[in-house]
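Residue numbers (the working numbering), protein chains in the order written: chain A, 3 to 624; chain B, 3 to 624.
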């Protein structure tokens with residue numbers, strides 16, 4: 003249920019809201035001048051849009067700004083953060099005095115919004131992602147039947163980002179009529195005039211052909227904006243776009259529609275002049291302005307254990323298949339689990355979930371950026387979204403994953419078809435940099451199961467664990483290694499072969515663990531006993547525990563991975579061992595060292611240096 | 003000048019081309035059946051489109067398929083590779099027998115096209131990038147006044163990728179009337195029907211609102227496709243789109259418009275049946291089918307040295323400023339140098355080039371994916387394109403950079419605003435994973451200059467060096483460290499402080515080298531002499547040379563970087579040292595270990611663990 007603390011608009015309200023817009027302008031300029039940096043002119047153009055949305059259209063309880071049962075606001079043009087902070091303050095979420103701590107080291111009111119700020123669901127500031135987040139929030143609100151609406155404020159500059167149009171198509175396809183986009187067409191980008199300048203009709207038509215209800219308005223005509231918001235609310239079956247013609251810096255004489263003012267704070271003198279033009283200042287209570295930091299974001303809810311895996315030792319199962327099956331089982335015990343597909347559900351096996359629960363698998367078509375940011379919006383609604391595509395195509399959404407990391411979002415990603423073991427399709431389809439990418443997300447968990455049992459257990463771990471979790475799956479069928487009762491703690495690894503005589507530690511995961519096991523037999527026959535470790539958790543790694551194994555083999559290590567060497571499993575292991583102070587005597591990091599090409603999986607493993615034969619050779623040369 | 007080996011079309015030609023389309027179908031099916039995998043039905047839908055383009059519209063010399071003076075063809079829907087290979091063979095570029103080596107380990111005819119295939123300018127197979135590559139080729143052809151036209155064949159599934167719409171807007175903005183897009187609307191994606199099915203009008207309107215000339219045709223009506231291509235050629239001032247209604251698997255009775263056939267080769271029996279339906283087989287000469295591999299792609303042309311840098315020791319200059327100045331100087335001695343901007347040219351200082359040479363800086367607005375792939379197209383035309391934006395926003399184009407790596411493309415990228423040293427703008431604007439990203443591109447060169455002189459020299463190195471080069475620049479002004487005559491070989495590093503008594507090696511680059519130099523003074527005062535190394539080249543690294551320095555300090559190393567620890571400078575150095583067999587006794591990898599926030603640069607360097615004070619502490623604890 004939504005909570006209304008706002009009255010319906012009328013002529014009286016119009017003047018109240020006009021005063022709110024005036025205050026948003028003044029507070030945005032004051033805060034940026036106090037900070038000595040920021041984007042005041044980008045706030046000025048949006049003042050009526052934000053005031054009308056917050057103080058006329060939105061229904062939410064300012065004492066519970068994080069309650070997703072209330073209407074949501076996403077500032078996709080994140081550099082206009084001060085006007086959002088001012089609006090939150092004017093709505094009563096926190097004191098206006100706090101807005102004046104903008105951009106300070108000790109303040110949660112950062113240069114661009116993050117969920118450290120009460121009422122903010124996702125970090126913005128990398129442009130073009132907010133509409134996807136909004137679509138995810140809207141979809142989540144629909145699933146929860148909360149009745150909440152979602153408002154997204156975009157800049158015109160960011161309309162050049164393809165992500166926006168992925169989101170627009172998605173929102174229309176899913177008929178998200180609880181989603182309203184407002185576009186602040188101030189015609190000035192950072193470095194020059196935008197491609198379309200003040201041609202609001204160009205934007206209106208772009209939304210319309212996507213299947214949106216779209217109108218153009220004068221963005222400084224408050225009554226017109228309020229009317230457009232009212233009409234938007236009445237639309238059924240379609241998302242709505244309000245394309246607002248504005249001026250950057252409006253209405254200040256020396257700022258309005260002037261190039262060269264992007265991202266510049268006013269001097270104290272300029273600020274005084276601007277405030278005077280606006281009819282004089284606002285009084286701000288000296289009430290301390292203490293931190294309002296939101297320290298928690300939605301955590302995954304606990305859920306009962308699914309049935310244990312049911313595989314037979316040696317059974318041939320691709321880990322991507324096991325992922326699909328795991329997801330279905332998890333969905334049965336956790337109603338919050340949903341999945342997003344980029345039209346590869348028959349390759350990632352996300353279709354297994356869809357077959358059992360058709361309403362919980364969302365088709366996002368071939369638009370990876372959008373499905374990742376939609377997932378961020380759904381996670382903010384308390385859902386546990388799993389996004390799966392080929393590992394290599396997740397690189398398409400690196401920026402979206404990066405922002406999800408800044409949002410401390412609870413999204414889960416699965417990349418299938420990792421490495422050269424996919425075979426004939428060639429390098430464009432091989433994920434060889436995905437471990438590097440996900441390792442570089444602070445706080446992310448990176449899982450790389452080697453068999454079906456591990457996949458089922460680790461997919462459950464991803465669902466239970468807070469924050470971004472990545473599961474890397476493999477294309478070919480591989481024999482089941484583990485018993486169905488095996489547990490896979492995080493951090494952790496499995497010692498698959500060992501003896502007191504071991505001369506070297508072989509470390510891998512996925513397809514390379516099977517190569518290591520073959521190499522083990524060959525090495526054993528040659529009188530070179532090796533320890534074999536399945537490093538199923540690539541991040542975090544317990545370097546001390548791993549170091550005990552390595553030390554037991556005289557500090558001799560060979561890592562082998564179906565990934566480029568940079569940022570992968572080998573570097574992860576070395577970093578952990580080095581940090582733990584483990585003495586390494588001989589190390590060889592085996593990985594794919596050039597752009598591979600098409601061929602049979604076994605040909606490629608050998609040609610690109612990660613086969614059993616290559617491992618044997620490496621150990622012999624160590 | 004273009005070379006015409008084709009006659010103008012007429013009624014006679016129509017039947018010839020119809021036979022070509024029939025042969026393309028048969029050869030695509032034969033090749034995929036022989037390979038046992040591939041996407042024959044995606045080839046069948048496109049047969050008339052490809053035949054009409056290759057045998058009616060295009061003007062090129064099949065004996066010089068890589069001559070960019072001839073018309074170009076980009077297969078954006080790269081999974082239809084067999085139909086492209088068949089068309090190249092039927093055009094006489096290589097024998098048809100070679101097509102039958104599809105997907106074999108020893109063949110250059112990979113599962114998806116790469117420039118190893120004669121006539122292919124860029125790798126495709128990650129969908130939605132081809133139109134940007136085509137726009138780059140078209141822009142390059144215009145700059146070279148070659149008169150060449152560019153044809154891009156897209157699938158309907160990939161129209162969901164935002165990158166396509168970035169490219170469409172860009173091509174219209176730059177009035178690329180030498181660019182024609184053909185969209186194969188076969189209505190079936192990989193896993194289900196596409197969002198718009200056979201609604202060609204939806205796609206036509208989407209192109210039209212972007213400013214394209216767009217028509218819908220029956221994609222199996224060869225005469226209609228030829229006429230549309232003729233009309234496209236006559237359009238001035240606008241790119242043209244031909245939206246073709248087709249059927250996947252057409253016209254084979256058991257394949258056409260049938261779901262579940264994506265990416266599946268026919269059995270031998272099915273193949274026979276299909277060929278019979280097409281009126282019988284084609285005879286293929288048993289002429290050996292030897293490799294046609296294209297082993298070279300355009301290399302950067304040599305050029306005279308620009309004037310030496312002119313900085314004063316200690317002068318305060320941001321490396322991003324020095325990048326702009328370097329680019330301008332290089333442009334004066336190398337006419338092939340061009341630049342692409344994502345509306346941040348006043349932050350990256352690419353504007354310095356634009357001010358001196360307005361026609362060589364191309365505004366791509368806020369659409370990073372597109373500018374990277376446009377650069378790939380321009381590089382294929384022999385130009386040396388420099389793409390610059392904030393380092394963090396290059397993550398938006400990781401997939402495009404990845405594909406550029408597979409293309410062995412000669413593009414240059416600059417990422418400004420790296421790390422926490424940007425200060426108040428907050429984490430969404432900080433590049434903290436860019437080193438990890440670019441290191442994971444095979445063959446890429448990763449440069450991280452610490453001062454203005456190094457930046458000028460290393461930007462020249464990027465322009466001279468083959469392949470992808472990345473230059474990481476810093477926001478704050480920093481004192482000039484090097485003399486103007488200093489050289490910066492690749493691989494290489496600079497030893498800035500040393501003595502025979504050194505107890506530890508401090509390694510950094512960019513802002514952290516200044517912190518290391520401060521730490522050096524403090525450590526010296528404490529009787530802990532340190533060696534200080536500026537690791538300006540993060541990839542490649544000469545581990546042996548670096549190891550000599552480290553060994554001279556007893557194997558004790560502290561790395562410090564304004565980047566996350568994963569995949570960054572520290573891991574790069576460790577990997578190189580380990581590969582060189584260097585004995586490491588004590589190592590500390592200092593880096594930003596959590597999501598940072600807003601604040602003053604110096605506050606952030608200290609709070610996130612990479613300040614001089616933190617370095618001193620780390621050395622003392624080593």
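C-beta: ideal position from N, C-alpha, C; glycine also.
CB contact below 7 Å: residue 192 (chain B) versus chain A: yes
Any C-beta of chain B sitting closer than 7 Å to the C-beta of residue 348 (chain A)? yes
Give the DSSP-derived three-state secondary structure of residue 418 (chain B) in the structure shown. strand
Cross-chain neighbours of residue 394 (chain A) in chain B, by beta carbon under 8 Å: 128, 401, 404
Coil, strand or helix - residue 32 (chain A) by DSSP: helix
For the region 447–468 of chain B, which residues have a CB atom closer than 8 Å to at least one CB atom of chain A, in sequence order? none
By the three-class DSSP mapping on this structure, what secondary structure does residue 496 (chain B) have? strand
Looking only at its chain, what residues have a beta carbon closer than 7 Å to the beta carbon of residue 308 (chain B), apart from the 5 residues adjacent to it on each side? 331, 332, 334, 335, 462
State yes or no: is the C-beta of residue 390 (chain A) within less than 7 Å of the C-beta of residue 420 (chain A)? no
Please list, in chain order, the residues of the region 416–438 of chain A that have any C-beta partner in chain B closer than 7 Å. 426, 427, 428, 429, 430, 431, 435, 438
Which ranges does the beta strand (DSSP E) cover as unbroken runs of at least 3 residues, wholly within the region 343–378 of chain A, from first to last along the chain? 363–365
Give me, in chain order, the residues of the same chain whose beta-carbon lies closer than 7 Å to that of residue 620 (chain A); leave out the 5 immediate sequence neighbours on both sides. 560, 590, 592
How far does the alpha helix (DSSP H) with residue 119 (chain B) in it reach, from first residue to last? Counting along the chain, residue 119 (chain B) falls outside any alpha helix (DSSP H), and DSSP gives it neither H nor E.
Rounded straight-line distance, which links the Cα of residue 34 (chain A) to that of residue 92 (chain A): 17 Å
Mind pulling the beta strand (DSSP E) runs of 3 or more residues that sit fully within the region 584–609 of chain A? 588–592
Cβ-based neighbour list, residue 194 (chain A), same chain, cut-off 8 Å, excluding 5 preceding and 5 following: 261
Three or more C-beta pairs closer than 8 Å, one from the region 565–575 of chain A and one from the region 476–487 of chain A: is that the case here? no
Relative to the alpha-carbon of residue 170 (chain A), which residue among A:148, A:71, A:140, A:150 has its alpha-carbon at the smallest distance? A:140
In the region 167–192 of chain A, which residues sit with their C-beta less than 7 Å from some C-beta in chain B, listed in chain order? 167, 168, 171, 175, 191, 192
Local conformation of residue 387 (chain B) per DSSP, three classes: strand
Looking only at its own chain, which residues have a Cβ that is under 6 Å from the Cβ of residue 202 (chain A), when we skip the five neighbours before and after it? 187, 218, 245, 247
How about residue 613 (chain A) and residue 517 (chain A): are their beta carbons less than 7 Å apart? yes
From B:486, B:388, B:271, B:569, pick the residue whose C-alpha is nearest to that of residue 471 (chain B); which is it? B:388
Runs of alpha helix (DSSP H) wholly within the region 277–346 of chain B (minimum 4 residues, chain order): 321–335
Below-7 Å beta-carbon distance, residue 599 (chain A) vs any chain B residue: yes
Residue 374 (chain B) and residue 135 (chain B) - do their beta-carbons sit closer together than 7 Å? no
Quick one, which of B:23, B:562, B:535 has its alpha-carbon nearest residue 227 (chain B)'s? B:23
What's the gap between the Cα of residue 150 (chain A) and the Cα of residue 206 (chain A)? 25 Å
Per-residue DSSP class, three states only, for residue 220 (chain A): strand
If we cut at 7 Å on Cβ distances, does residue 165 (chain B) have a partner in chain A? yes
Could you tell me the boundaries of the beta strand (DSSP E) in which residue 242 (chain A) lies? 242–247
Residue-chain proximity (residue 114 (chain A), chain B), Cβ-Cβ < 7 Å: yes
Mind reading off the beta-carbon distance from residue 83 (chain B) to residue 409 (chain B)? Whole number of angstroms is fine, and I expect it under 8 Å. The pair is not a contact, with the Cβ atoms about 14 Å apart (cut-off 8 Å).
Give me the Cα-Cα distance between residue 87 (chain B) and residue 215 (chain A), rounded to the nearest whole angstrom. 44 Å
Mapping the DSSP letters down to three states, classify residue 459 (chain B) as helix, strand or coil. helix
Which residues DSSP lists as bridging residue 481 (chain A), in chain order: A:318
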